[in-house]
Amino acid sequence: MPSWQMQKTPTDRALVASIHDVSPFTRSQTERILEDLRGLGCAKTSLLVIPDHHRRGRISADAGFCDWLKARLAEGHEAVLHGYFHLRGQKAGDGLAKKLVTQSYTAGEGEFFDLEREEAARLLQDGLNEFAALEMVPTGFIAPAWLLGREAERAVREAGFGYTTRIATVVDFQTGTTHYSRSLVWSVRERWRRVCSLAWNRTLFLATKSSPLLRIGIHPPDWDRRAIRSQILSQTRAALADREAMTYQQWLLRQRSRL
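Quick note, the numbering used here runs 102 ahead of the 1-based positions in the sequence shown.
Shown next, in the form of structure tokens:
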């Protein structure tokens, strides 16, 4: 049969659900999210772990969290390094554009937005050390709010990570390939953000139906908003009708095997 006549199999179409801001302080919310996703058949996710969430304590110091995270990896989930503190304070030289991005858009959490390479490298190594204390070696790094500056990305590459993602791309450092896939993601801080998020993601979900990879980005506070949670679960259920749930690492391994 000619290749153009062949129908795609379910394994050609993937869903990566990523849970952002995973830490001891969001564990209970993350557990709720995982339980709901598991009930739909989404048993593998990428967990974006913050080593020292807002400077409130390192993950290696919380034995219960360490055991919990190890158990999730044993189930097939993936742990991804997600910044270090997940904080970026205001800087004296910040102009209006930077303030809009780092304060309004990210609420002061765009940690790797404009770091110099040396500072980024130090934070990355600190993060890797935290993972090493849990006997884990993350293959992926995803910057808070997907804001990864040029110098910081250089540090990520040099640190040996296999991939990163931005809001519209998955970047494979190993092959040099950039895969285009816009992530669904919700903003829940104010009512107008929630209304816009619901409308935008309804449209984006339809627009990405033909994409080989569907990305759904979930934050713990999403589960405190009934309408947001309902839309995420509804779209996940619909996606799983013809997509296989997997982690970013698994999806990239599959893409590399086809080169």
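Don't be surprised by glycine CBs; every beta carbon is placed ideally from N, CA and C.
Beta-carbon proximity of residue i to residue j, cut-off 8 angstroms
i, j, result
"residue 253", "residue 219", "yes"
"residue 250", "residue 275", "no"
"residue 349", "residue 146", "yes"
"residue 267", "residue 248", "yes"
"residue 150", "residue 124", "yes"
"residue 132", "residue 323", "no"
"residue 122", "residue 156", "no"
"residue 283", "residue 312", "no"
"residue 339", "residue 120", "no"
Separation of residue j from residue i, as counted between CA atoms
i, j, result
"residue 315", "residue 166", "34 angstroms"
"residue 153", "residue 163", "10 angstroms"
"residue 270", "residue 285", "6 angstroms"
"residue 160", "residue 232", "8 angstroms"
"residue 301", "residue 307", "10 angstroms"
"residue 170", "residue 359", "31 angstroms"
"residue 367", "residue 143", "This structure gives no information on residue 367, because the portion of the chain shown stretches from 103 to 361."
"residue 309", "residue 303", "9 angstroms"
"residue 351", "residue 140", "19 angstroms"
"residue 229", "residue 235", "10 angstroms"
"residue 290", "residue 298", "10 angstroms"
"residue 255", "residue 342", "32 angstroms"
"residue 333", "residue 246", "23 angstroms"
"residue 129", "residue 138", "14 angstroms"
"residue 277", "residue 148", "21 angstroms"
"residue 135", "residue 225", "28 angstroms"
"residue 279", "residue 116", "18 angstroms"
"residue 346", "residue 212", "31 angstroms"
"residue 305", "residue 281", "21 angstroms"
"residue 361", "residue 184", "28 angstroms"
Cβ-based burial, residue i [other Cβ within 10 Å; buried from 16]
i, result
"residue 227", "exposed"
"residue 174", "buried"
"residue 186", "buried"
"residue 52", "Given a span of 103 to 361 for the chain in the structure shown, any question on residue 52 remains unanswerable."
"residue 344", "exposed"
"residue 176", "exposed"
"residue 354", "buried"
"residue 114", "exposed"
"residue 237", "exposed"
"residue 103", "At residue 103, the pLDDT of 35 sits below 50, so the modelled position is not reliable; the number obtained from the coordinates is stated separately. Its Cβ having fewer than 16 others within 10 Å, residue 103 is exposed."
Quiz item: Is there contact here, the segment 219-233 with the segment 323-338, by at least three beta-carbon pairs under 8 angstroms?
Solution: no
Self-check item: In chain order, each beta strand (DSSP E) run of at least 3 residues that lies wholly inside the segment 136-164
Solution: 148-151
Quiz item: Do the segment 169-189 and the segment 236-244 touch if we need at least three Cβ pairs shorter than 8 angstroms?
Solution: yes
Quiz item: Hey, is the segment 292-306 in contact with the segment 246-264, meaning 3+ C-beta pairs nearer than 8 angstroms?
Solution: no
Quiz prompt | Whole beta strand (DSSP E) elements within the segment 243-314, 3-residue minimum | solution = 265-267, 271-274, 279-282, 285-287
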